[in-house]
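FYI, the numbering for the sequence shown is 87 to 245, going by our numbering.
Notes follow the structure.
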Amino acid sequence: AFHFSKIIKNNIDYNATIKNEKYCKYSKLNLGFTLDIEDKLLIGVFSDACQFEQDKFIENIFSIQKRTISGNIKPNEVNQPTIGITSLSSHSISRHIPILLPYTSIMFAISDILPNANDKGIYCSFGITYDHRLHSGTQISQLLNKFDHSINNIDVKSK
87 AFHFSKIIKN NIDYNATIKN EKYCKYSKLN LGFTLDIEDK LLIGVFSDAC
137 QFEQDKFIEN IFSIQKRTIS GNIKPNEVNQ PTIGITSLSS HSISRHIPIL
187 LPYTSIMFAI SDILPNANDK GIYCSFGITY DHRLHSGTQI SQLLNKFDHS
237 INNIDVKSK
(Lines of atoms letter the chains of each structure in order from A and count residues from 1; the text may use other names and numbers.)
(Lines give C-alpha, C1' and ligand atoms only; values in the text may rest on other atoms or scores of the structure.)
Protein backbone atom coordinates (compact mmCIF):
# COMPACT_ATOMS: atom_id res chain seq x y z
CA ALA A 1 0.00 0.00 0.00
CA PHE A 2 2.85 2.39 0.83
CA HIS A 3 4.57 1.94 -2.53
CA PHE A 4 1.31 2.17 -4.44
CA SER A 5 0.45 5.44 -2.61
CA LYS A 6 3.84 6.95 -3.43
CA ILE A 7 3.44 6.10 -7.11
CA ILE A 8 -0.01 7.72 -7.16
CA LYS A 9 1.41 10.79 -5.41
CA ASN A 10 3.99 11.15 -8.17
CA ASN A 11 1.34 10.59 -10.87
CA ILE A 12 -1.51 12.63 -9.43
CA ASP A 13 -3.70 12.35 -12.56
CA TYR A 14 -4.69 8.89 -11.30
CA ASN A 15 -6.21 10.45 -8.18
CA ALA A 16 -9.40 11.67 -9.84
CA THR A 17 -13.05 10.91 -10.48
CA ILE A 18 -16.11 12.11 -12.32
CA LYS A 19 -18.82 13.75 -10.21
CA ASN A 20 -21.99 15.14 -11.73
CA GLU A 21 -20.52 14.64 -15.22
CA LYS A 22 -17.45 16.77 -14.35
CA TYR A 23 -13.81 15.73 -14.05
CA CYS A 24 -12.50 16.21 -10.50
CA LYS A 25 -8.86 15.82 -9.52
CA TYR A 26 -8.30 15.28 -5.79
CA SER A 27 -5.68 17.39 -4.02
CA LYS A 28 -4.79 14.67 -1.51
CA LEU A 29 -4.75 10.89 -1.62
CA ASN A 30 -7.21 9.23 0.74
CA LEU A 31 -6.41 5.53 0.59
CA GLY A 32 -9.53 3.40 0.99
CA PHE A 33 -8.91 -0.21 1.96
CA THR A 34 -11.24 -3.13 2.43
CA LEU A 35 -11.60 -5.26 5.54
CA ASP A 36 -13.75 -8.38 5.46
CA ILE A 37 -14.93 -8.85 9.06
CA GLU A 38 -17.50 -11.51 9.98
CA ASP A 39 -18.94 -11.52 6.44
CA LYS A 40 -19.22 -7.73 6.40
CA LEU A 41 -17.17 -5.64 4.04
CA LEU A 42 -15.84 -2.56 5.82
CA ILE A 43 -13.94 0.29 4.20
CA GLY A 44 -11.34 2.17 6.19
CA VAL A 45 -9.84 5.39 4.85
CA PHE A 46 -6.31 6.59 5.49
CA SER A 47 -6.61 10.35 4.84
CA ASP A 48 -3.75 12.13 3.11
CA ALA A 49 -1.72 8.91 3.15
CA CYS A 50 1.11 10.30 1.00
CA GLN A 51 2.33 12.70 3.65
CA PHE A 52 3.87 9.89 5.73
CA GLU A 53 7.17 8.06 5.46
CA GLN A 54 7.05 4.27 5.39
CA ASP A 55 7.28 3.52 9.13
CA LYS A 56 4.60 6.07 10.06
CA PHE A 57 2.47 4.99 7.10
CA ILE A 58 2.48 1.37 8.29
CA GLU A 59 1.81 2.40 11.89
CA ASN A 60 -1.16 4.56 10.82
CA ILE A 61 -2.74 2.03 8.47
CA PHE A 62 -2.55 -0.74 11.10
CA SER A 63 -4.05 1.61 13.67
CA ILE A 64 -6.96 2.45 11.34
CA GLN A 65 -7.46 -1.25 10.59
CA LYS A 66 -7.62 -2.07 14.32
CA ARG A 67 -10.11 0.74 14.98
CA THR A 68 -12.22 -0.33 12.00
CA ILE A 69 -12.38 -3.91 13.29
CA SER A 70 -13.20 -2.83 16.86
CA GLY A 71 -15.82 -0.29 15.76
CA ASN A 72 -13.86 2.67 17.14
CA ILE A 73 -13.14 4.27 13.80
CA LYS A 74 -13.00 8.07 13.60
CA PRO A 75 -15.38 9.92 11.22
CA ASN A 76 -12.56 10.98 8.87
CA GLU A 77 -11.48 7.34 8.58
CA VAL A 78 -14.59 6.32 6.64
CA ASN A 79 -15.08 9.38 4.43
CA GLN A 80 -14.16 9.93 0.80
CA PRO A 81 -11.57 7.42 -0.34
CA THR A 82 -9.93 8.69 -3.52
CA ILE A 83 -8.02 5.48 -4.38
CA GLY A 84 -8.85 1.95 -3.26
CA ILE A 85 -6.82 -1.13 -2.39
CA THR A 86 -8.06 -4.61 -1.58
CA SER A 87 -6.79 -8.12 -0.98
CA LEU A 88 -8.28 -11.55 -0.51
CA SER A 89 -4.94 -13.10 0.46
CA SER A 90 -6.24 -14.05 3.92
CA HIS A 91 -8.68 -16.36 2.10
CA SER A 92 -5.94 -17.92 -0.06
CA ILE A 93 -7.19 -16.10 -3.16
CA SER A 94 -4.31 -15.04 -5.37
CA ARG A 95 -6.30 -13.05 -7.95
CA HIS A 96 -9.60 -11.25 -8.02
CA ILE A 97 -11.31 -8.37 -9.81
CA PRO A 98 -12.39 -5.63 -7.41
CA ILE A 99 -15.25 -3.19 -7.92
CA LEU A 100 -14.53 0.53 -7.76
CA LEU A 101 -15.38 2.38 -4.57
CA PRO A 102 -17.76 5.31 -5.15
CA TYR A 103 -16.02 8.44 -6.50
CA THR A 104 -12.72 6.70 -7.14
CA SER A 105 -11.14 5.85 -10.46
CA ILE A 106 -8.76 3.10 -9.37
CA MET A 107 -9.16 0.02 -7.17
CA PHE A 108 -5.96 -1.95 -6.76
CA ALA A 109 -5.98 -5.69 -5.89
CA ILE A 110 -2.97 -7.40 -4.39
CA SER A 111 -2.26 -10.98 -3.36
CA ASP A 112 -0.16 -12.32 -0.58
CA ILE A 113 3.45 -13.21 -1.34
CA LEU A 114 3.29 -16.54 -3.17
CA PRO A 115 5.91 -19.20 -3.92
CA ASN A 116 7.14 -19.41 -7.50
CA ALA A 117 7.54 -23.09 -8.37
CA ASN A 118 9.65 -22.42 -11.48
CA ASP A 119 12.60 -20.69 -9.88
CA LYS A 120 11.97 -21.38 -6.18
CA GLY A 121 11.54 -17.65 -5.57
CA ILE A 122 8.46 -15.68 -4.59
CA TYR A 123 6.04 -13.38 -6.38
CA CYS A 124 3.04 -11.19 -5.75
CA SER A 125 0.04 -11.05 -8.06
CA PHE A 126 -1.76 -7.76 -8.53
CA GLY A 127 -4.45 -6.29 -10.69
CA ILE A 128 -6.50 -3.19 -11.07
CA THR A 129 -10.01 -2.01 -11.87
CA TYR A 130 -10.21 1.48 -13.29
CA ASP A 131 -12.59 4.02 -14.75
CA HIS A 132 -12.05 3.91 -18.51
CA ARG A 133 -13.49 7.39 -18.86
CA LEU A 134 -10.44 8.75 -17.02
CA HIS A 135 -7.58 6.35 -17.74
CA SER A 136 -6.44 4.51 -20.82
CA GLY A 137 -5.12 0.97 -20.88
CA THR A 138 -1.69 2.37 -21.71
CA GLN A 139 -1.75 4.66 -18.65
CA ILE A 140 -2.79 1.79 -16.38
CA SER A 141 -0.12 -0.49 -17.87
CA GLN A 142 2.46 2.20 -17.08
CA LEU A 143 1.12 2.48 -13.52
CA LEU A 144 1.31 -1.30 -13.00
CA ASN A 145 4.84 -1.40 -14.43
CA LYS A 146 5.91 1.38 -12.04
CA PHE A 147 4.43 -0.55 -9.13
CA ASP A 148 6.09 -3.79 -10.27
CA HIS A 149 9.43 -1.98 -10.53
CA SER A 150 8.92 -0.41 -7.10
CA ILE A 151 8.19 -3.65 -5.27
CA ASN A 152 10.89 -5.59 -7.11
CA ASN A 153 13.46 -3.10 -5.83
CA ILE A 154 12.52 -3.41 -2.15
CA ASP A 155 15.42 -4.49 0.02
CA VAL A 156 13.51 -7.01 2.16
CA LYS A 157 16.51 -7.74 4.39
CA SER A 158 16.78 -4.12 5.53
CA LYS A 159 13.09 -3.84 6.50
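Backbone N, C-alpha and C define an ideal beta-carbon position, used for all residues, glycine too.
| field | phenylalanine 119 in three-state terms, based on DSSP | value | Against the sequence shown, residue 119 aligns to sequence position 33. Strand, per DSSP.
| said: Can you check which of these residues, Ser113, Asp217, Ser156 and Glu139, is closest to glutamate 124 by C-alpha distance? | reply: Position 38 of the sequence shown, counting from 1, holds the residue named residue 124. If we check each option's Cα against that of glutamate 124, Ser156 comes out closest.
| alanine 135, DSSP secondary structure in three states | Counting from one through the sequence shown, the residue named residue 135 turns up at place 49. Helix, per DSSP.
| If you count every other CB in all the chains shown that lies within 10 Å of the CB of isoleucine 192, and 16 or more means buried, which is it? | Start at 1 with the first residue of the sequence shown, and residue 192 comes out as number 106. Its Cβ being crowded by 16 or more others within 10 Å, isoleucine 192 is buried.
| Neighbourhood of tyrosine 112 by C-beta distance below 6 Å, restricted to the same chain and skipping five residues each side | By one-based count along the sequence shown, residue 112 stands at place 26. Contacts found: Asn101 and Thr168.
| message | Can you give me the C-alpha to C-alpha distance between isoleucine 196 and serine 173, rounded to a whole angstrom? | response | Reading the sequence shown from its first residue, position 110 is the one you call residue 196. Reading the sequence shown from its first residue, position 87 is the one you call residue 173. In a straight line, the C-alpha of isoleucine 196 is about 5 Å away from that of serine 173.
| query | Under a Cβ-count criterion, where at least 16 other Cβ atoms within 10 Å of its own Cβ denotes burial, should glutamate 145 be classed as buried or exposed? | reply | Residue mapping note: residue 145 aligns to position 59 of the sequence shown, counting from 1. Exposed is the call here.
| message | Given this structure, state the Cα-to-Cα distance separating glutamine 225 from glycine 170, to the nearest angstrom. | response | Working through the sequence shown from its first residue, we reach residue 225 at position 139. Working through the sequence shown from its first residue, we reach residue 170 at position 84. Our two residues, glutamine 225 and glycine 170, have alpha carbons roughly 17 Å apart in a direct line.
| task | Give the DSSP-derived three-state secondary structure of threonine 168 in the structure shown. | result | As a first step, residue 168 is located in the sequence shown; it is residue number 82 there, counting from the start. The answer is coil: DSSP assigns threonine 168 none of H, G, I, E or B.
| By Cβ distance below 7 Å, which residues in the same chain neighbour glutamine 151 in space, the five residues on each side in sequence not counted? | One-based indexing of the sequence shown puts residue 151 at position 65. If we look at glutamine 151 and ignore the five residues flanking it on each side, its Cβ neighbours are Leu121 and Gly130.
| said: Beta-carbon within less than 8 Å of cysteine 136's beta-carbon, same chain only, minus the 5 sequence neighbours each way: which residues are those? | reply: For this step, residue 136 is matched to residue 50 along the sequence shown. Closer than 8 Å at Cβ, skipping near neighbours: Ser91, Lys92, Ile94, Lys95, Lys114 and Leu115.
| query | So, is glutamate 163 buried or exposed, given that buried needs 16 or more other C-beta atoms within 10 angstroms? | reply | Here the question's residue 163 lines up with position 77 in the sequence shown. Looking at its Cβ environment, which holds 16 or more other Cβ atoms inside 10 Å, glutamate 163 is buried.
| message | Excluding the 5 residues flanking lysine 245 on each side, which residues of the same chain have their C-beta closer than 6 Å to its C-beta? | response | Within the sequence shown, the letter at position 159 stands for residue 245. With a pLDDT of 43 at lysine 245, under the threshold of 50, the modelled position of that residue is not reliable, and no figure is offered here.
| field | threonine 103: first and last residue of the uninterrupted beta strand (DSSP E) it sits in | value | Start at 1 with the first residue of the sequence shown, and residue 103 comes out as number 17. Note, threonine 103: beta strand (DSSP E), 102-105.
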